[in-house]
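A short write-up of the structure that comes next.
There are 2 protein chains.
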Amino acid sequence: MTGFNISAVERETGISRDVLRMWERRYGFPVPGRDANGERVYPIDQVERLRSIKRLLDQGHRPGKIVLAAPEELASLAPRRPAPLAAAPGRPSLQPLLDLLKAHDVPGYQREMQHRLVREGLQRFVLDTVAPLTVAVGDAWESGSFEVFEEHFFAEQTSRFLRQAIGTLPENRASRPRIVLTTPPEEQHMLGLLMAEAIFELEQAHCIPLGVQMPLVEIQRAALGHQADIVGLSISSAFPTRQVLPMLEQLRALLPESVALWVGGAGIERLAAPAGVRLLPLLEDAIAAVGEWRLRPG
Amino acid sequence: MTGFNISAVERETGISRDVLRMWERRYGFPVPGRDANGERVYPIDQVERLRSIKRLLDQGHRPGKIVLAAPEELASLAPRRPAPLAAAPGRPSLQPLLDLLKAHDVPGYQREMQHRLVREGLQRFVLDTVAPLTVAVGDAWESGSFEVFEEHFFAEQTSRFLRQAIGTLPENRASRPRIVLTTPPEEQHMLGLLMAEAIFELEQAHCIPLGVQMPLVEIQRAALGHQADIVGLSISSAFPTRQVLPMLEQLRALLPESVALWVGGAGIERLAAPAGVRLLPLLEDAIAAVGEWRLRPG
DNA sequence: ATAATGTTTTGTCCTAGACAAAACAGCTGG
DNA sequence: CCAGCTGTTTTGTCTAGGACAAAACATTAT
Chain D
22 MTGFNISAVE
32 RETGISRDVL
42 RMWERRYGFP
52 VPGRDANGER
62 VYPIDQVERL
72 RSIKRLLDQG
82 HRPGKIVLAA
92 PEELASLAPR
102 RPAPLAAAPG
112 RPSLQPLLDL
122 LKAHDVPGYQ
132 REMQHRLVRE
142 GLQRFVLDTV
152 APLTVAVGDA
162 WESGSFEVFE
172 EHFFAEQTSR
182 FLRQAIGTLP
192 ENRASRPRIV
202 LTTPPEEQHM
212 LGLLMAEAIF
222 ELEQAHCIPL
232 GVQMPLVEIQ
242 RAALGHQADI
252 VGLSISSAFP
262 TRQVLPMLEQ
272 LRALLPESVA
282 LWVGGAGIER
292 LAAPAGVRLL
302 PLLEDAIAAV
312 GEWRLRPG
Chain R
22 MTGFNISAVE
32 RETGISRDVL
42 RMWERRYGFP
52 VPGRDANGER
62 VYPIDQVERL
72 RSIKRLLDQG
82 HRPGKIVLAA
92 PEELASLAPR
102 RPAPLAAAPG
112 RPSLQPLLDL
122 LKAHDVPGYQ
132 REMQHRLVRE
142 GLQRFVLDTV
152 APLTVAVGDA
162 WESGSFEVFE
172 EHFFAEQTSR
182 FLRQAIGTLP
192 ENRASRPRIV
202 LTTPPEEQHM
212 LGLLMAEAIF
222 ELEQAHCIPL
232 GVQMPLVEIQ
242 RAALGHQADI
252 VGLSISSAFP
262 TRQVLPMLEQ
272 LRALLPESVA
282 LWVGGAGIER
292 LAAPAGVRLL
302 PLLEDAIAAV
312 GEWRLRPG
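These protein sequences, in sequence, are chains D and R. Numbered continuously in our numbering, the first sequence closes out at residue 319. Numbered continuously in our numbering, the second sequence closes out at residue 319.
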C-alpha cells in the first residue's frame, strides 16, 4: 500500500488539490511524503484524518480551528448547528426506520416504509417520513453514527421505494405545468428530486425526470426540447454554498424568460433568491407554487 | 450573460482547469477574456466548442489535431473507432426503441420495453436489449444524433424499468455469494450496475446495491460491514482510461484478500487485470464468474 | 505481420504569489 | 438584550510558467 496521490485524495475526501496544498502551506497539515518525482504521496491515516476534518467542515467548523487539532479532539467536537428537533408531536417516530437501516435489514425497511405509505398516503408519507428521515440520516452521518456507505445504502433503498410508489400514480401526460427535474453538476443527491417528483405528480403536474448532474447548457437544451414550463432543481446541503448563487444566475441567464426556475433542497436555506428564481426551501412550498403557477396571468 | 469562469467551464465540459490553461498556452484555444481581476472569462460559444471537442476526444481523436480545427471540420469528423455492428441476426432490432426515445415518448418506450421483457425473459432481455441499447445510445450521442439530455433521459427511464423488473425477483437474502455493487468516484453511470444486479440476482447471488460514486475507503468499509464475498464495480467508457488501473490497484490493496474484486463495463476493454482483480468485459462473463466462485476451493 | 525501438504529444503535478468574498469580532444605537 | 454597521482575519480560488512521465504514434528490425 504505497499511498494516495493528490488527485486520489481529492476524490476520496472531496477536498480540492488547491486546498490540500494550501493547508499544507498554512497549517502544516497534511504533510504527505514525496515519491521519486517529488510528487505528494498521502499515507492512508492522513486521508482518514482529512475525511474527519471534511465532515466537521461540512458541519460549519472552520479549518483554522480544526486542521491541527489532535484526533481525540476531532472526535469530541459537537455539530455546530441547531440540534435536530425532537420528534414533532403527532408525527411518527423515525427511530425504527433508522434502526432497520443500521441493521442493514432490507426487507424489514421496505416493509416498514410500505406500512407507513399505505397508512399515511403518498403526500404525507413524503412530507412526514421521507423528508425528515433524509435529514435524520444526514445528521446521523455528521455525528458519526452512520458511515458514508450506510447513507448511500439508505439513498439507494429509499430511491427504489419512492420510484416504485411514483410508478403507481396515474400519468399526467398531457397536463400542465411540464416540469424538467434535475440537479446541477457536482450535485449527486437524487432523493430530493424524487420527493419533488412525487409531490408534483400528486398535484397533477407532468414531470420529466433527467437524473442528476446535468451541465447547465444541457438543462437549457432539455427545457427547450421537452417544452418545459418549469425547470426544477434540487440542491442538497452538501453543495458548496459559495457556488449556489453564481450557478443559479448562470442558469437563469441561459433559460428563456418564459421558463420558470424553481429551486429546492437544504442547500438554499438562508439564501436570497436572484431575480427570476423561485426558492422552495420546504417541500410544502412546491405544492403552493404549482397552485400559483396555474393562476398566473396569461 | 457575462460568461463562465474556469471552474464553471470545467463543470460544463469535463475538461480540467489545468488542461484548459495548457491548451490556451499550446494551441491558442480557447482564448477567454479577462475580468477586472485578470481571471479568465469564457464566452458561451467557446464553451459550446469545447463541448464538441470533448466529444471528439472521447471518440479517440487527439487534441493537437482538433483543438484548432474550424467548427465545420469538427462537425464532419467521423468516430475513430470500429463502427457498431449491424443488428446481430436473430436479435431484435433496437431502432424502434431509439425512435421512441428520440420522440420523448415515455409510455411508448415503457410499453415496448415491457413487451420485450416478457417475450425474452429477464436474462436475455438484459443481455440482448438493454446492454446493446446502452451502447447504441452512447454511439448516437457520439455521432451527434442524441443530445446529452436525451442520454440522461434514457438512463433515467431505463433505470426505473430495470429496478422495477429486479423488484419482482424473489429475494436471495441468505444466499451466497454476497456482492456489494457500486462505482468508484467520478463514475456516475448507474445502468451497468443495474444490469449486473439483474444478472447476479438471476444467478441467486445476494446483491447489496450502493449506488454510484463511492470513495474507495467507503467501499472497503461497506465490504466489511455487509460481510461481502465480492465487490462488483462498474466502469463505463466515460471513465478516464489512465486512472482505471491505479484506482483498481488502490482498491485491491484496501480490501481484505478474502474479498474478491470483480470489474465490468466498457471502461475495462483492452486492459490487463492487476493481480487479484477479475475483469468481466461482457455481462455474460458475470454468469460464468458466479459459477466458478461457487466451485472455488474452501 | 509482429516486436522492439525512438520520437512526439499530452496530462498532471509542482512552486509561490495575489486577492475577493465569507466569516468573525467589536462596536454603536435602539 | 438584540439588530445593524464596520473593520479585521480567515479562507478558497485563481494566476503564471516550468518540469516530467506515460501514452500514443511513427519507424525500423526480426
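We put the CB at the ideal spot given by N, CA and C, even for glycine.
Assign residue 203 of chain D to one of three DSSP states: helix, strand, or coil.
If DSSP states are grouped into helix, strand and coil, residue 203 of chain D belongs with the strands.
In angstroms with no decimal places, state the Cα-to-Cα distance between residue 105 of chain D and residue 125 of chain D.
Note that residue 105 of chain D scores a pLDDT of 47, beneath 50, so its modelled location is shaky and nothing firm can be said.
Any beta carbon from chain R within less than 8 Å of residue 140 of chain D's own beta carbon?
No - not a single Cβ of chain R is within 8 Å of the one on residue 140 of chain D.
Quick check on residue 55 of chain D: does DSSP put it in helix, strand or coil?
In the structure shown, residue 55 of chain D sits in a strand (DSSP, three-state: E or B).
Measure the alpha-carbon distance for residue 162 of chain D versus residue 172 of chain D and round it to whole angstroms.
Straight across, the Cα-Cα distance linking residue 162 of chain D with residue 172 of chain D is about 7 Å.
Restricting to Cα atoms, I'd like to know which of R:224, R:217 and R:276 is closest to residue 17 of chain R.
Any property of residue 17 of chain R remains undetermined from this structure, which presents chain R solely from 22 to 319.
Under 8 Å between the Cβ atoms of residue 211 of chain D and residue 233 of chain D?
The Cβ atoms of residue 211 of chain D and residue 233 of chain D sit closer than 8 Å to each other.
What is the DSSP secondary structure of residue 7 of chain D, counted as helix, strand or coil?
It is not possible to answer for residue 7 of chain D, since the shown part of chain D is limited to 22 through 319.
Partners in chain D for residue 174 of chain R, counting only beta-carbon separations shorter than 7 Å
Simply 231.
Ignoring anything shorter than 4 residues, give me the alpha helix (DSSP H) runs that lie fully in the segment 171–254 of chain D, in order along the chain.
Inside the segment 171–254 of chain D, DSSP marks whole alpha helix (DSSP H) runs of 4 or more residues at positions 212–223 and 237–246, from first to last along the chain.
Determine the extent of the alpha helix (DSSP H) in which residue 269 of chain R is found, giving its start and end residues.
Note, residue 269 of chain R: alpha helix (DSSP H), 262–275.
Among R:174, R:292, R:85 and R:136, which residue has its Cα nearest to the Cα of residue 159 of chain R?
Comparing Cα-Cα distances from residue 159 of chain R to each of R:174, R:292, R:85 and R:136, the minimum goes to R:174.
How would you call residue 282 of chain R, buried or exposed, if buried means at least 16 neighbouring beta carbons within 10 angstroms?
With 16 or more other Cβ atoms within 10 Å, it is buried.
Which residues of chain R have a Cβ atom closer than 7 Å to the Cβ of residue 237 of chain D, listed in chain order?
Neighbours of residue 237 of chain D in chain R, taken as residues at a C-beta separation under 7 Å, are given in chain order as 33.
According to DSSP, what are the bridge partners of residue 62 of chain R?
In the DSSP assignment, residue 62 of chain R is bridged to R:54.
Flag this pair as yes or no: are the beta carbons of residue 251 of chain D and residue 204 of chain D separated by less than 8 Å?
Going by C-beta atoms, residue 251 of chain D is not nearer than 8 Å to residue 204 of chain D.
In DSSP terms, what residue 300 of chain R is bridged to
DSSP lists R:284 as partners of residue 300 of chain R.
Compute the distance between the beta-carbons of residue 202 of chain R and residue 230 of chain R, then report whether it is under 8 Å.
In this structure, residue 202 of chain R places its C-beta atom within 8 Å of the C-beta atom of residue 230 of chain R.
Residues in the segment 62–78 of chain D with C-beta within 9 Å of chain R's C-beta atoms, listed in sequence order?
Close to chain R, meaning a Cβ-Cβ distance shorter than 9 Å, are the following residues of the segment 62–78 of chain D: 65, 68, 69 and 72.
Cβ-based contacts, 7 Å cut-off: residues of the segment 240–253 of chain D near chain R
Flagged, chain order: 242, 243, 246 and 247.
Among R:243, R:128, R:292 and R:167, whose alpha-carbon lies nearest the alpha-carbon of residue 76 of chain R?
Ranking R:243, R:128, R:292 and R:167 by Cα distance to residue 76 of chain R puts R:167 first.
Of the residues D:49, D:148, D:170 and D:31, which one's Cα is nearest the Cα of residue 218 of chain D?
If we check each option's Cα against that of residue 218 of chain D, D:148 comes out closest.
How big is the Cα-Cα spacing for residue 299 of chain D and residue 197 of chain D?
Cα atoms of residue 299 of chain D and residue 197 of chain D: separation of roughly 18 Å, rounded to the nearest angstrom.
Tell me which residue opens and which closes the alpha helix (DSSP H) that residue 27 of chain D is part of.
According to the DSSP assignment, residue 27 of chain D belongs to the alpha helix (DSSP H) that extends over 27–34.
Count the other C-beta atoms from every protein chain shown that fall within 10 angstroms of the C-beta of residue 317 of chain D, then say buried if there are 16 or more, exposed otherwise.
Answer is exposed; the Cβ neighbour count stays below 16.
Nearest by alpha-carbon distance to residue 291 of chain R: which of R:262, R:272 and R:268 is it?
Across the set R:262, R:272 and R:268, the C-alpha of R:262 shows the shortest separation from the C-alpha of residue 291 of chain R.
CB contact check: residue 169 of chain D to chain R, cutoff 8 Å
Between residue 169 of chain D and chain R, the shortest Cβ-Cβ separation is below 8 Å.
Give me the chain R residues within the contact set of residue 288 of chain D, using Cβ-Cβ distance strictly less than 7 Å, ordered along the chain.
The premise fails here: residue 288 of chain D is roughly 16 Å from chain R at the closest Cβ pair, so nothing lies under 7 Å.
Can the beta-carbon of residue 113 of chain D be found closer than 8 Å to that of residue 137 of chain D?
At the C-beta level, residue 113 of chain D and residue 137 of chain D come within 8 Å of one another.
Interface partners of residue 60 of chain R on chain D, CB under 7 Å
Those do not exist, as residue 60 of chain R stays about 13 Å from chain D at its closest Cβ, beyond 7 Å.
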